[in-house]
Amino acid sequence: MECLRQYPTYTEQFTYDQSGNRLTRTAKDIEEQYIYDVNNRLTRRTVNGQEESCLYDKAGNLLQDANNAYEYDDFRRTSKVTTKAGMTQINRYDAEGLRHEMEENGKLVQFIFNENREVITEETEGNITRLIRTSDLWARGSEPEKTWYHYASDEQGSIVFITDAEGNVKNRYTYDAFGNTIESEEQIPNRYQYTG
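Heads up, the sequence shown is in UniProt numbering, so the first residue is 1 and it goes up one at a time.
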């Protein structure tokens, strides 16, 4: 099966196998090829002749891809991610299975959730960020800075831009058909982008 997607500045072309796995992707003079195992897990990706491999444990958890190494706890939740550059993210979960703490390169981030299991508060080094949600992320306020930002989403709920209290666009995001960020402009830090 083949699929073609048009963007304002380029065209993306895909082919798929009978299981629906993507076999090839061609866009902007970049050709990607994909190989899967019998469980439909991606095992190898080739980008313009450069091969990248993926490794899995016996439970099917991804252990390593081209950019990261992954570790899991006894409940098969991601407990640690290490990048090629040596950056780390350590995750800690509460009794309900929600990630209530995360260490990013030694910096602790704590999360509070609402009844829908959505993050409504983040705390990092004494800075508190409150998130206002409807069906999508709608706004965020920070203390002690007392700043507010509004999030605008597409029909899928992915963040496409963020404005300040005066309506000035601070961040802007564009995604391809598979959720990869293809364009990004950021003036403020933001961890919320593609919803998947």
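Cβ coordinates follow ideal geometry from the N, Cα and C atoms, glycine included.
On the three-state DSSP scale, how would you describe residue i?
| i | result |
| --- | --- |
| V38 | coil |
| N68 | strand |
Can you grab the Cα-Cα spacing for the pair residue i / residue j, in whole Å?
| i | j | result |
| --- | --- | --- |
| Q89 | R77 | 13 Å |
| I128 | Y149 | 14 Å |
| E123 | Q110 | 5 Å |
| W138 | A152 | 7 Å |
| A165 | F113 | 25 Å |
| A59 | Y72 | 11 Å |
| M87 | L4 | 36 Å |
| E32 | S158 | 25 Å |
| F55 | R117 | Reading the sequence as shown, one finds Leu at residue 55 and not Phe. Computed Cα separation, rounded: 30 Å. |
For the candidate residues the options, whose alpha-carbon lies nearest to that of residue i?
| i | options | result |
| --- | --- | --- |
| D136 | S142, D154, R130 and T121 | D154 |
| N40 | A95, I159 and N61 | N61 |
| residue 282 | R133, T43, N67 and G49 | Absent from the model: residue 282. The displayed extent of the chain is 1 to 196, so no value can be given. |
| N67 | Q187, R45, T15 and I162 | R45 |
| N91 | A177, I132 and N105 | N105 |
With C-beta atoms as the reference, is residue i less than 8 Å away from residue j?
| i | j | result |
| --- | --- | --- |
| N171 | E185 | yes |
| D65 | E51 | no |
| G179 | Y194 | yes |
| N21 | Y34 | yes |
| E2 | Q18 | no |
Going by the C-beta, is residue i closer than 7 Å to any heavy atom of the ligand NAP?
| i | result |
| --- | --- |
| E123 | Ligands are entirely absent from the displayed structure, and the ligand NAP is therefore not among its contents. |
**Message:** If we require 3 or more residues per run, which beta strand (DSSP E) segments fall completely within the segment 106-153?
**Reply:** Whole beta strand (DSSP E) segments, 3+ residues: 107-113, 119-124, 127-133, 137-143 and 147-153.
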